[in-house]
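S.K.: Residue numbers (our numbering), protein chains in the order written: chain W, 1 to 220; chain D, 1001 to 1220.
Don't be surprised by glycine CBs; every beta carbon is placed ideally from N, CA and C.
2 protein chains.
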Amino acid sequence: MKISTLSRRSGVSIPTIKYYLRDGLLPHGLATATNQADYSEEHLRRLRLIRTLVEVRRLPVSAVKEILGAITEEGDLHQIFGIVIDARPATRHQEQARQEQAQGEARGVTDARRLITEMGWEVSPSTTAIQTLGEVLDALSAMDSHINWQSLLPYAQLTDRISELDVQQMNGVSGLLELAERAVLVSVLLEPALLALRRLAQEDKSARLFSGSRDEGRET
Amino acid sequence: MKISTLSRRSGVSIPTIKYYLRDGLLPHGLATATNQADYSEEHLRRLRLIRTLVEVRRLPVSAVKEILGAITEEGDLHQIFGIVIDARPATRHQEQARQEQAQGEARGVTDARRLITEMGWEVSPSTTAIQTLGEVLDALSAMDSHINWQSLLPYAQLTDRISELDVQQMNGVSGLLELAERAVLVSVLLEPALLALRRLAQEDKSARLFSGSRDEGRET
């Protein structure tokens, strides 16, 4: 197909496609004339994935290159998924530095690791999400909220079931480019949807339980 | 207590407390001398709530005033919860404008309302979360993802159970100021924790299912 067809079918403008070609993100098409090239369905799939990574995951071009490289060279979906959810296994150097720091690790991060052990989750010890979870646990503790890692266990069980739904969304998708695209959609684009669903469910529960509660010392 | 004690116990600096006093967010203490005032436990509770709303929910001072007003005047936890999760019931004027627009409403928002009906959730028709959910559904559709509002129903059922856990976190808390503070912590501060838990669970599922999958046409 011509670049104009590629642009129409991918929803990416011609100047942006040309930028990706110059930058090496998209391989050049087969030259058919001095200023014309032929693009394949493979180009279209790759371009759609680039678009998803840039627009949905909001990754910088350098990270998009890394993911495309992992797809081409490794062909390992777990690794691709890992890059998408920012769960890269640490290098040996980073791992050593982490172990040296572990003694002085923030309380919240230690608690986050306890929760992971309790759940039996197999994750890289340097996954970004552990830090995030640790920061929230520290903030909850600083606010005397009495919400700790144990209180989060029932939440962890429900999110575990959510992740099973996530993995089911990969069913029926074949080809690593398509699987990578689906992984981005499911793991990243569904995040605001899940938070929105939770707020709607909260509003519903709040309406049923708290509506018209004008008394200070409400019985619970 | 003196302003210095109030500052130490709340974790809010004296200049910031003075700013809240000038701005009317915090009522003045009982004057004990020309330049000294006595503050009560009630001042401390109110100040802690202000701190949570500003630091955790990142609300502008005007919105904090609105919530504090709702607590003082209405004493209605549902309304307070609604402000916290940005689920304010529309005014009659907004509601009219919404109904006039409804014909031309984006496809995603219509689908979001279908999901809400299917779930039997009682929510205000102008809740922000409906728009958010609609935008995600539109984006999923624009990307030919084959993920639609029906695919999100199992997610909605799990988030419904998460919201039941959320409501349980309000147990044992009495006093509207404390309940409002807890509502902010649970609904807002837990958001990054839930997303982090989902990413950890995804990484675990991905390790179990996809690790070492080097074949393009993986069977699912």
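How big is the Cα-Cα spacing for HIS1028 (chain D) and MET143 (chain W)?
M.R.: Stepping through the second sequence from its first residue, residue 1028 (chain D) is reached at position 28. Stepping through the first sequence from its first residue, residue 143 (chain W) is reached at position 143. Their Cα atoms are separated by approximately 24 Å.
S.K.: Whose Cβ in chain W lies nearer than 7 Å to the Cβ of MET1143 (chain D)?
M.R.: Position 143 of the second sequence, counted from the start, is the residue given in the question as residue 1143 (chain D). What MET1143 (chain D) touches in chain W: THR52, LEU185.
S.K.: Give the residues from the region 147-169 of chain W that approach chain D closer than 7 Å (Cβ to any Cβ), ordered along the chain.
M.R.: ILE147, LEU152, PRO154, TYR155, ALA156, LEU158, THR159, ASP160, ARG161, ILE162, SER163, GLU164, LEU165, ASP166, VAL167, GLN169
S.K.: Could you say which of W:LEU200, W:THR5, W:LEU26, W:THR16 lies nearest to VAL1123 (chain D) if we only look at CA atoms?
M.R.: Locating residue 1123 (chain D) in the second sequence gives position 123, where the first residue counts as 1. Ranking the options by Cα distance to VAL1123 (chain D), first place goes to W:LEU200.
S.K.: Quick one: what's got a C-beta closer than 7 Å to VAL1184 (chain D)'s C-beta in the same chain, skipping five residues either side?
M.R.: Counting from one through the second sequence, the residue named residue 1184 (chain D) turns up at place 184. Counting only Cβ-Cβ distances below 7 Å, and skipping sequence neighbours, we find THR1052, LEU1053, VAL1056, ARG1057, VAL1084.
S.K.: ALA1031 (chain D) bridges to which residues according to DSSP?
M.R.: Within the second sequence, residue 1031 (chain D) is the residue found at index 31, counting from 1. ALA1031 (chain D) is bridged to D:ALA1037.
S.K.: LEU165 (chain W) and ASN148 (chain W) look like a contact to me (Cβ under 8 Å); what is the Cβ gap, rounded to whole Å?
M.R.: Locating residue 165 (chain W) in the first sequence gives position 165, counting from the first residue. Locating residue 148 (chain W) in the first sequence gives position 148, counting from the first residue. Approximately 27 Å separates the beta-carbon atoms of LEU165 (chain W) and ASN148 (chain W); this is outside 8 Å, ruling out the contact.
S.K.: List, in order along the chain, the chain D residues whose C-beta lies closer than 7 Å to that of ILE85 (chain W)?
M.R.: Here residue 85 (chain W) corresponds to residue number 85 of the first sequence, with the count starting at 1. The answer, in chain order, is ARG1199, GLN1202, GLU1203.
S.K.: I'd like to know whether the C-beta atoms of ARG45 (chain W) and LEU177 (chain W) end up nearer to each other than 9 Å.
M.R.: For the purposes of this step, residue 45 (chain W) is identified with residue 45 of the first sequence, where counting begins at 1. For the purposes of this step, residue 177 (chain W) is identified with residue 177 of the first sequence, where counting begins at 1. Yes. Within cutoff.
S.K.: On the three-state DSSP scale, how would you describe GLU105 (chain W)?
M.R.: Taking the first sequence and counting its residues from 1, the one referred to as residue 105 (chain W) is at position 105. It is coil, neither helix nor strand.
S.K.: Please classify PRO154 (chain W): does DSSP put it in a helix, a strand, or coil?
M.R.: Mapped onto the first sequence, residue 154 (chain W) falls at position 154. Correct three-state label for PRO154 (chain W): helix.
S.K.: Taking 8 Å as the cut-off, does the region 192-209 of chain W touch the region 1006-1014 of chain D (at least 3 CB pairs, one atom from each stretch)?
M.R.: no
S.K.: Tell me the start and end of each unbroken alpha helix (DSSP H) in the region 155-201 of chain W that is at least 4 residues and wholly inside, in chain order.
M.R.: 176-184
S.K.: Just to make sure I have the definition right: I need the residues of chain W whose C-beta is within less than 8 Å of the C-beta of VAL1136 (chain D). Which are they?
M.R.: The sequence position of residue 1136 (chain D) within the second sequence is 136, counting from 1. Those within 8 Å of VAL1136 (chain D) in chain W are LEU189, LEU190, PRO192, ALA193, ALA196.
S.K.: What is the residue span of the alpha helix (DSSP H) that SER1211 (chain D) lies within?
M.R.: Numbered from 1 along the second sequence, position 211 holds the residue referred to as residue 1211 (chain D). No alpha helix (DSSP H) contains SER1211 (chain D), which DSSP labels as neither H nor E.
S.K.: Would you call GLU41 (chain W) buried or exposed, if buried means 16 or more other Cβ atoms sit within 10 Å of its Cβ?
M.R.: Your numbering for residue 41 (chain W) matches position 41 in the first sequence. Counting Cβ neighbours within 10 Å, GLU41 (chain W) comes out exposed, since fewer than 16 surround it.
S.K.: Determine the direct distance from the alpha carbon of GLU1066 (chain D) to that of LEU1030 (chain D), and round the result to whole angstroms.
M.R.: By one-based count along the second sequence, residue 1030 (chain D) stands at place 30. By one-based count along the second sequence, residue 1066 (chain D) stands at place 66. Approximately 24 Å between the Cα atoms of the pair.
S.K.: Note the first and the last residue of the continuous alpha helix (DSSP H) segment covering THR1127 (chain D).
M.R.: Numbered from its first residue, the second sequence carries residue 1127 (chain D) at position 127. Counting along the chain, THR1127 (chain D) falls outside any alpha helix (DSSP H), and DSSP gives it neither H nor E.
S.K.: Could you give the DSSP three-state label for SER10 (chain W): helix, strand or coil?
M.R.: Mapped onto the first sequence, residue 10 (chain W) falls at position 10. In the structure shown, SER10 (chain W) sits in a helix (DSSP, three-state: H, G or I).
S.K.: Buried or exposed, going by whether 16 or more other CB atoms sit within 10 Å of the CB of SER1062 (chain D)?
M.R.: Indexing the second sequence from 1 puts residue 1062 (chain D) at position 62. So SER1062 (chain D) counts as exposed.
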